Amino acid sequence: MGQKITIEPVTRVEGHGKVTIHLDNEGKVEQTRLHIVEFRGFERFVQGRPYWEMPVLVQRLCGICPVSHHLAAAKALDVIVGAGTGEGLTPTGEKMRRLMHYGQIFQSHSLHFFHLASPDLLFGIDADPLKRNIINVAIQHRDLAVQGVMMRKYGQEVIKATAGKKIHGTGAIAGGINKHLTEEEREYLLHGDEYMDIDKMISWSQDALEFFKDYHKKNKALIDGFAEFPGSHLSLVRKDGALDLYHGVLRAVDAEGKKILHDVDYQDYYKYIDEEVRSWSYMKFPYLKEIGKASGWYTVGPLARMNTAEFIDTPLAQKEFEYFKQYNEGKPSHKPMHAHWARLIEILHAAEKIKQLLNDPDLMEGELVTKGTKQFEGVGLIEAPRGTLFHHYKIGENDMITMANLIVSTTNNNQPMNEAVNQVAVKVMTGRKEITEGMMNAVEVAIRAYDPCLSCATHALGKMPLEFEVYDRYNNLIERKFRH
Amino acid sequence: MSKAIIATTSLAGCFGCHMSLLDIDDRILELIELVEFNKSPVDDIKKFTKKCDIGLIEGGCCNSENVHVLKEFREHCRILVSVGECAIMGGLPAMRNGIPIRECFEEAYLNCLTVVGNEAGIIPNDPELPMLLDMVYPCHEIVKIDYFLPGCPPRADLIWEALVALVTGDEMKLPYEVVKFD
Chain A
1 MGQKITIEPV TRVEGHGKVT IHLDNEGKVE QTRLHIVEFR GFERFVQGRP YWEMPVLVQR
61 LCGICPVSHH LAAAKALDVI VGAGTGEGLT PTGEKMRRLM HYGQIFQSHS LHFFHLASPD
121 LLFGIDADPL KRNIINVAIQ HRDLAVQGVM MRKYGQEVIK ATAGKKIHGT GAIAGGINKH
181 LTEEEREYLL HGDEYMDIDK MISWSQDALE FFKDYHKKNK ALIDGFAEFP GSHLSLVRKD
241 GALDLYHGVL RAVDAEGKKI LHDVDYQDYY KYIDEEVRSW SYMKFPYLKE IGKASGWYTV
301 GPLARMNTAE FIDTPLAQKE FEYFKQYNEG KPSHKPMHAH WARLIEILHA AEKIKQLLND
361 PDLMEGELVT KGTKQFEGVG LIEAPRGTLF HHYKIGENDM ITMANLIVST TNNNQPMNEA
421 VNQVAVKVMT GRKEITEGMM NAVEVAIRAY DPCLSCATHA LGKMPLEFEV YDRYNNLIER
481 KFRH
Chain B
485 MSKAIIATTS LAGCFGCHMS LLDIDDRILE LIELVEFNKS PVDDIKKFTK KCDIGLIEGG
545 CCNSENVHVL KEFREHCRIL VSVGECAIMG GLPAMRNGIP IRECFEEAYL NCLTVVGNEA
605 GIIPNDPELP MLLDMVYPCH EIVKIDYFLP GCPPRADLIW EALVALVTGD EMKLPYEVVK
665 FD
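Sequences listed follow chains A and B, in order.
Start counting the first sequence at 1; every next residue gets the next number (this note's numbering).
Start counting the second sequence at 485; every next residue gets the next number (this note's numbering).
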């Protein structure tokens with residue numbers, strides 16, 4: 001667990017995420033900051049590269065959900081090659097990409113729930129960190145571990161069948177896709193063996209939801225009462241208001257659920273969203289222009305999607321969605337631990353979608369690519385597992401990239417995470433000069449609820465190593481601790 | 485025989501190599517019979533608690549912190565393995581090597597289309613942020629590396645075969661399908 005670390009020599013170990021807390025003389029919290037400390041420079045170094053490289057190049061931002069970057073880049077290039085802004089692909093092109101994306105949602109959410117969240121739920125947030133991990137889950141709850149491992153594998157196999165490779169594949173190209181699904185691949189994913197079976201995946205997804213709901217009943221204080229961070233939520237939704245993880249219009253709702261961004265075409269995203277630069281973090285701070293820097297921030301991700309969408313177009317997930325909505329009395333949920341619940345509803349939705357698609361003959365035959373008139377600019381958005389992901393490219397006469405703008409999911413959650421850190425710190429630290437283990441734990445749980453993918457900004461499998469520093473009013477370092 | 489002890493880290497990488505390690509799927513259950521994990525993002529152990537037999541390094545070095553962590557791994561691990569293109573040759577992040585770092589910053593924080601209110605010209609430079617290196621460096625230019633596993637990412641079977649060979653001392657099986665790059 002957290003231990004006292006001296007300032008010299010530099011013992012900052014992969015300090016991907018770092019929290020600093022400043023106290024005044026009376027021990028009141030004056031300032032809190034969550035710093036993101038890595039910088040890559042993608043926007044600049046992709047300039048001068050041919051546009052068609054983007055889907056394979058930019059996905060190397062993140063190996064945890066590379067398909068999201070792969071598809072967001074491909075969607076932006078669809079516009080550039082004149083294949084329309086989302087509805088112009090051939091049925092085969094769109095459905096193969098959707099299958100890839102649902103495979104990705106399925107594997108990434110399974111990874112988060114089983115590998116990362118389940119140790120907290122099974123062993124308790126205060127359990128010994130040496131024991132609170134997936135390895136110990138495998139030792140003590142073997143069935144659950146096998147389920148998690150095989151669900152993730154299933155999603156990865158869907159990606160391999162559509163992208164050629166489990167990580168950093170090549171399936172999506174400007175204007176479509178580069179392959180059909182073969183009969184063998186279809187059969188393997190429908191009923192391949194004991195585990196490679198879509199019906200089993202659907203039933204396991206339901207089991208996971210039951211596990212969570214049962215846990216929720218027994219642990220209401222943790223799931224409902226841990227903290228509450230009211231704010232706005234943003235995501236893509238289908239034009240009719242349905243949850244759609246691959247394509248849609250941009251919608252935001254305020255804390256009460258009132259629409260504040262009215263289903264706009266995302267090609268114009270930059271008319272609605274700006275980013276603030278602060279000197280103490282490499283990650284920028286997006287906000288809705290109309291509302292302004294101070295309170296225009298918003299949250300993205302599974303919970304945000306439950307709050308923006310009106311319904312889900314697959315029957316089993318819709319039933320769970322209705323129960324979720326009913327539980328929250330039709331209002332947006334601002335309870336960070338409800339994100340686990342939302343994630344599990346999306347796992348079920350993704351499994352249902354995969355089954356629908358596998359039974360669709362369009363995957364096996366039909367035109368792969370749409371061609372059109374070249375454009376010089378394109379925007380591609382997708383609902384990545386962790387939220388809305390923005391890719392925007394411009395090209396020159398010779399087809400080389402001249403501008404790239406990327407707003408990744410976790411960047412959208414920058415201000416909400418900082419708000420969460422501040423609230424928790426004020427709540428548990430006011431009047432105290434020593435950082436207790438409990439306080440660090442509370443801050444970490446608050447941040448982890450956002451499932452920050454810090455590889456798109458730096459990431460440690462959801463368990464972000466945190467460094468805490470507390471300063472007095474004269475900026476003297478009082479205390480420094482680490483927590484992993 | 486006591487279990488071999490393994491540590492892993494991601495420096496300037498994307499975590500894809502760690503994901504590929506997880507892609508050994510149910511063999512993970514075999515792996516934990518074979519080895520004990522120490523400092524690694526797959527568990528909650530943040531600092532080395534003992535000497536390790538094998539260190540797996542993902543990613544090259546792009547800032548002072550990466551260098552610090554890499555040196556610490558060399559110190560604590562008997563065998564150090566560069567896993568994937570970024571550790572071996574800087575990989576994709578090294579695409580910035582031909583470009584002055586200032587231009588990368590300006591593109592992200594000043595010229596960016598969605599950064600309109602930055603009249604003050606703020607570029608993040610807080611003392612809390614680690615110093616960026618002039619270029620992205622492969623790991624073997626910083627410390628001695630014992631083995632290299634190529635691929636972006638190296639496929640799960642290659643990582644598995646290499647680990648089993650290192651732990652058991654048996655010769656590694658290297659069929660063509662396993663070593664070919666992308």
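Think of the CB as a built atom: it goes at the ideal place given N, C-alpha and C, for glycine as much as any other residue.
Keep in mind that this is a model prediction, so the values were computed, not measured.
Counting Cβ pairs closer than 8 Å, one from the segment 356-368 of chain A and one from the segment 89-101 of chain A, do we hit at least three? yes
When you compare only the Cα positions, how much space is there between B:Thr533 and B:Val627? Along the second sequence, one-based indexing puts residue 533 of chain B at 49. Along the second sequence, one-based indexing puts residue 627 of chain B at 143. Near 21 Å, if we compare the C-alpha coordinates of B:Val627 and B:Thr533.
Mind reading off the beta-carbon distance from B:Asp630 to B:Leu564? Whole number of angstroms is fine, and I expect it under 8 Å. Position 146 of the second sequence, counting from 1, holds the residue named residue 630 of chain B. Position 80 of the second sequence, counting from 1, holds the residue named residue 564 of chain B. Indeed, because the Cβ distance is near 5 Å, the residues count as touching under 8 Å.
From the beta carbon of A:Asn405, is the nearest beta carbon of chain B less than 8 Å away? As a working note, residue 405 of chain A is residue 405 in the first sequence. Cβ-Cβ to chain B under 8 Å: yes for A:Asn405.
Where do the ends of the beta strand (DSSP E) carrying B:Cys561 lie? Mapped onto the second sequence, residue 561 of chain B falls at position 77. Element bounds for B:Cys561: 561-567.
For B:Asp537, three-class secondary structure by DSSP: Within the second sequence, residue 537 of chain B is the residue found at index 53, counting from 1. If DSSP states are grouped into helix, strand and coil, B:Asp537 belongs with the strands.
Distance between A:Ala342 and A:Cys456 (C-alpha atoms, nearest Å): Locating residue 456 of chain A in the first sequence gives position 456, counting from the first residue. Locating residue 342 of chain A in the first sequence gives position 342, counting from the first residue. Residue placement at A:Cys456 cannot be trusted, given a pLDDT of 41 that sits under 50; the coordinates are not used to answer.
In chain A, what lies closer than 7 Å to B:Phe521 by C-beta? In the second sequence, the residue the question calls residue 521 of chain B occupies position 37. What B:Phe521 touches in chain A: Ile135.
Just the chain B side, please: which residues come within less than 7 Å of A:Gln156 by C-beta, in chain order? For this step, residue 156 of chain A is matched to residue 156 along the first sequence. In chain order: Asp507.
Would you report the Cα separation of A:Gln267 and B:Ala646, rounded to the nearest angstrom? By one-based count along the first sequence, residue 267 of chain A stands at place 267. By one-based count along the second sequence, residue 646 of chain B stands at place 162. Each residue's Cα considered, the two are about 47 Å apart.
Under the DSSP definition of a beta bridge, which residues are partnered with B:Gly575? Numbered from its first residue, the second sequence carries residue 575 of chain B at position 91. The partner list for B:Gly575 (beta bridge, DSSP) is empty, contrary to what the question assumes.
Taking the Cβ atom as the reference point for each residue, do B:Gly539 and B:Ala491 lie within a distance shorter than 8 Å? The residue given as residue 539 of chain B occupies position 55 in the second sequence. The residue given as residue 491 of chain B occupies position 7 in the second sequence. Going by C-beta atoms, B:Gly539 is nearer than 8 Å to B:Ala491.
Where the beta strand (DSSP E) through A:Val81 begins and ends: As a first step, residue 81 of chain A is located in the first sequence; it is residue number 81 there, counting from the start. No beta strand (DSSP E) holds A:Val81; DSSP gives it neither H nor E.
Which of the residues in the segment 579-597 of chain B, read from start to end, lie with their CB under 7 Å from any CB of chain A? Met579, Arg580, Ile583, Glu587, Cys588, Glu591, Ala592, Tyr593, Cys596, Leu597
For B:Cys501, collect the residues of the same chain with a Cβ closer than 7 Å to its Cβ; drop the 5 residues on either side in sequence, then sort them by chain order. Within the second sequence, numbered from 1, the residue matching residue 501 of chain B stands at position 17. Taken in chain order, the residues that qualify are Glu542, Val567, Gly568, Pro637, Pro638.
Does DSSP put B:Ala496 in a helix, a strand or coil? As a working note, residue 496 of chain B is residue 12 in the second sequence. Strand at B:Ala496.
So, does the CB of B:Asp654 fall closer than 8 Å to a CB anywhere in chain A? Along the second sequence, one-based indexing puts residue 654 of chain B at 170. Judged by the 8 Å Cβ criterion, B:Asp654 is not in contact with chain A.
Going by alpha carbons, who is nearest to A:Ala208 out of A:His191, A:Ser295, A:Lys289, A:His112? Here residue 208 of chain A corresponds to residue number 208 of the first sequence, with the count starting at 1. Measuring from the Cα of A:Ala208, the nearest candidate turns out to be A:His112.
When B:Gly497, B:Lys487, B:Ser494, B:Ile508 are compared against A:Glu157, the one with the closest alpha-carbon: Position 157 of the first sequence, counting from 1, holds the residue named residue 157 of chain A. Of the listed residues, the one whose Cα sits closest to A:Glu157 is B:Ile508.
Using a threshold of 8 Å, state whether the C-beta atoms of B:Phe499 and A:Gly301 are closer than that. In the second sequence, the residue the question calls residue 499 of chain B occupies position 15. In the first sequence, the residue the question calls residue 301 of chain A occupies position 301. Not closer than 8 Å, so no.
Proximity of A:His392 and A:Val379 at Cβ, strictly below 8 Å: Reading the first sequence from its first residue, position 392 is the one you call residue 392 of chain A. Reading the first sequence from its first residue, position 379 is the one you call residue 379 of chain A. Result yes, Cβ atoms of A:His392 and A:Val379 sit closer than 8 Å.
Could you name the residues of the same chain whose beta carbon sits closer than 6 Å to that of A:Ile492, not counting the 5 residues immediately before and after it, in chain order? No information on residue 492 of chain A is available, as it lies outside the stretch 1 to 484 that chain A covers here.
When the Cβ atoms of the segment 256-270 of chain A are set against those of the segment 320-328 of chain A, are three or more pairs found closer than 8 Å? no
Say whether the segment 211-219 of chain A touches the segment 381-390 of chain A, bearing in mind that this needs 3 or more beta-carbon pairs closer than 8 Å, one atom from each stretch. no
Given this structure, state the Cα-to-Cα distance separating A:Lys179 from A:Lys166, to the nearest angstrom. On the first sequence, residue 179 of chain A is found 179 positions in, with the first residue counted as 1. On the first sequence, residue 166 of chain A is found 166 positions in, with the first residue counted as 1. Those two C-alpha atoms are separated by around 15 Å.
Limits of the unbroken beta strand (DSSP E) element including A:Val29: Translated into positions along the first sequence, residue 29 of chain A becomes position 29. Residues 29-36.
In the segment 260-335 of chain A, which residue ranges form an unbroken beta strand (DSSP E) of at least 3 residues, counting only runs that do not cross its ends? 273-276, 285-288
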